[in-house]
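Structure record follows, encoded as structure tokens.
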Amino acid sequence: MRVKRGLADMLRGGVIMDVVTPAEAKIAEDAGAVAVMALERVPADIRRDGGVARMSDPVMIEGIQAAVTIPVMAKARIGHFAEAQILESLGVDYVDESEVLTPADESHHIDKWSFTVPFVCGATNLGEALRRISEGACMIRSKGEAGTGNIVEAVRHLRSILGDIRKITQADEAELFDWAKQLQAPLGLVQEVAETGSLPVPMFCAGGIATPADASLVMQLGAEAVFVGSGIFKSEDPAPRAKAIVEAVTHYEDPAMVAKVSRGLGDAMPGLEIGELETKLAERGW
Amino acid sequence: MQGASREHTAALKRLGATVHQVRLPEDLVGIDALVIPGGESTTISMLLESSGTFEPIAQLLHEGLPVLGTCAGMILLAGDVLDGRPDQKSFAQIDIAVRRNGFGRQVASFESDIRIKGFEEPFPGVFIRAPVVQTVDRSVEVLASVELDGGKQSPALCRQGNVMVSSFHPELTDDLRIHQMFLTNIN
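Keeping their order, the protein sequence lines are chains A and B. According to numbering that gives the first Met the number 0, the first sequence holds residues 0 to 285 in order. According to numbering that gives the first Met the number 0, the second sequence holds residues 0 to 186 in order.
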């Protein structure tokens, strides 16, 4: 566990970028990404195209692994342990069991303890986060609403998770039993959170980050690193925006620095209003 | 900057040191020693450059500021980096050559007890996409080694003057002996 979550610790304060080609992976690495997420389509395109979204073609993943020296992550469908086994055999550094892809199992997530490769999973609230950790996830990310360029859902999820953690630290022993019941989470993990005041694994933010200011916002709210999906390569000028978001995450507490890196980046990705969405990806997962 | 600075901060505070984060050149004023944590060396290199901290740190290290580098920190202090990015910068403060990700990808990351010169009990070595030390100048003291595939030993903890580097992560364990050794050397 120490080795598996250790890589998540090393990614803290960094930006993990979605890429669909080796050329994009190079741009991400050049911009200072700590890792890339190799996938066939960014969430905005998955949302637009519809249909079943699956694990990427191994050829594409291997092409990206060959193009960069930083860690390469890839996504498997919720519950699709065979896709995860394939990704592990390809030597990816992290598997994202992701709601962005079409779920393969409507009640079970992958038993992540049975893998050597570490997993990251999305969560919308503390109960979901602790259930994923109980299944072996070594990193939690907010789900947000991927592919929208709209930060509101990620903020909701971060506030929900971190707000409940703050409440739990004030609860007495008897109340923790009720918290475990309400959260539908293992009592042992609830007690651990109460004692330490944080999740047992690093918590990153994903879903809707499009600007350096978005990155600063979620870091100030308590995220330890950020995933940027469509926000970079669906913007007008990806390379400078990617670098600006990296710098905004480093200097998130310094508004003058975030202002400096926000200048003249061109248009951000066009955003979507959450209320008008046909499919909410964050509702996938159980 | 980027990486696992929180664990180093916690370890050093437990030993009574005053610690603050360095993100900008002004953060370097008045420091007695520097820790470069694990993280992504290419990212840290880029951020050192863009924040204007690379040159002032290089100058302080040149003047003999004590420094501890773990994993990515080892890469940033090594005289020679193999398999890095061509634009990756190093402070070149210790005469070793390291191969980035020399042990391989994350699935090859591992934990192994290692023997450290001067320590009675073995130290829990946590190696994460760790660099492999390929060559070491005679002036560098090798304090611990780790076994590579095939049984060959490779240096894992090295010291040269005020510079100490490890390819593993003492900050991810509760064992404070390496941080203690670093602080003792400063005094």
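Glycine residues also receive a C-beta, built at the ideal position from the N, C-alpha and C atoms.
Which residues DSSP lists as bridging residue i, in chain order
i         : result
B/Gly-101 : Its beta-bridge partners do not exist; DSSP assigns none.
A/Phe-226 : A/Ile-15
A/Lys-74  : A/Asp-95
A/Ile-139 : A/Cys-120 and A/Met-202
A/Gln-181 : A/Gln-181 pairs with nothing; no bridge assigned.
B/Leu-81  : B/Arg-98
B/Gln-1   : BP columns for B/Gln-1 are empty, so no partner.
B/Ile-115 : B/Ala-143
B/Ile-93  : B/Ala-77
B/Gln-58  : None; B/Gln-58 has no bridge partner.
Exposed unless 16 or more other CB atoms sit within 10 angstroms - verdict on residue i
i         : result
A/Leu-186 : exposed
A/Lys-111 : buried
A/Met-0   : exposed
A/Lys-180 : exposed
A/Glu-275 : exposed
B/Lys-12  : exposed
A/Gly-265 : exposed
A/Thr-168 : exposed
B/Arg-22  : buried
B/His-168 : buried
A/Gly-228 : buried
B/Leu-147 : exposed
B/Ile-185 : exposed
A/His-79  : buried
Neighbour flag for residue i against chain B, beta carbons, 8 Å
i         : result
A/Pro-287 : The displayed coordinates of chain A run from 0 to 285. Any statement about residue 287 of chain A would go beyond what the structure contains.
A/His-250 : yes
A/Asp-95  : no
A/Val-33  : yes
A/Val-245 : yes
A/Met-9   : yes
A/Arg-262 : no
A/Arg-1   : yes
A/Gly-62  : no
A/Leu-38  : no
A/Leu-220 : no
A/Gly-13  : yes
A/Gly-90  : yes
A/Leu-86  : no
A/Gly-230 : no
A/Phe-198 : Here residue 198 of chain A turns out to be Leu, not Phe, going by the sequence shown. Not an interface residue.
A/Glu-28  : yes
A/Leu-271 : no
A/Gly-207 : no
Where residue i sits in the DSSP three-state scheme
i         : result
A/Gly-121 : strand
A/Asp-171 : coil
A/Asp-44  : helix
A/Leu-89  : coil
B/Ile-127 : coil
A/Arg-240 : helix
B/Asp-174 : coil
B/Arg-158 : strand
B/Phe-109 : strand
A/Gly-162 : helix
B/Ile-43  : helix
B/Ser-144 : strand
B/Thr-191 : Outside the shown range of chain B (0 to 186) lies residue 191 of chain B, about which nothing can therefore be said.
A/Ile-109 : coil
B/Pro-64  : The question names Pro, yet the displayed sequence has Leu at residue 64 of chain B. In this structure, B/Leu-64 counts as coil in the three-state DSSP scheme.
A/Ala-373 : This structure does not reach residue 373 of chain A, given that chain A is present from 0 up to 285, and the question cannot be answered.
Neighbour flag for residue i against chain A, beta carbons, 8 Å
i         : result
B/Met-73  : no
B/Phe-109 : yes
B/Val-106 : yes
B/Gly-78  : no
B/Gly-2   : yes
B/Arg-13  : no
B/Asp-82  : yes
B/Glu-25  : no
B/Glu-6   : yes
Closer than 7 Å: residue i CB and nearest the ligand FMN heavy atom
i       : result
A/Met-9 : Only the bare structure without any ligand can be found here, which leaves the ligand FMN out of the picture.
Handout entry: Residues of the stretch 115-134 of chain A with Cβ closer than 8 Å to any Cβ of chain B, in chain order
Key = Thr-115, Val-116 and Pro-117
Handout entry: Under 8 Å (Cβ pairs) to chain B, residues found in the stretch 161-195 of chain A
Key = none
Exercise for the section: Mind checking the stretch 36-53 of chain B against chain A and listing, in chain order, the residues whose C-beta falls within less than 7 Å of any C-beta there? Expected result: Gly-37, Gly-38, Glu-39, Thr-41, Thr-42, Met-45, Leu-46 and Ser-49
Exercise for the section: With 7 Å as the limit, tell me which residues of the stretch 114-143 of chain B have their beta carbon closer than that to any beta carbon of chain A; keep them in chain order. Expected result: Val-125, Ile-127 and Arg-128
Practice task
Could you run through the stretch 158-179 of chain B and flag, in chain order, every residue whose CB is less than 9 Å away from some CB of chain A?
Solution key: His-168, Glu-170, Leu-171 and Thr-172
Problem - Residues, ordered as in the chain, of the stretch 91-104 of chain B that lie near chain A by beta-carbon distance below 7 Å - result: Arg-99, Asn-100 and Arg-104
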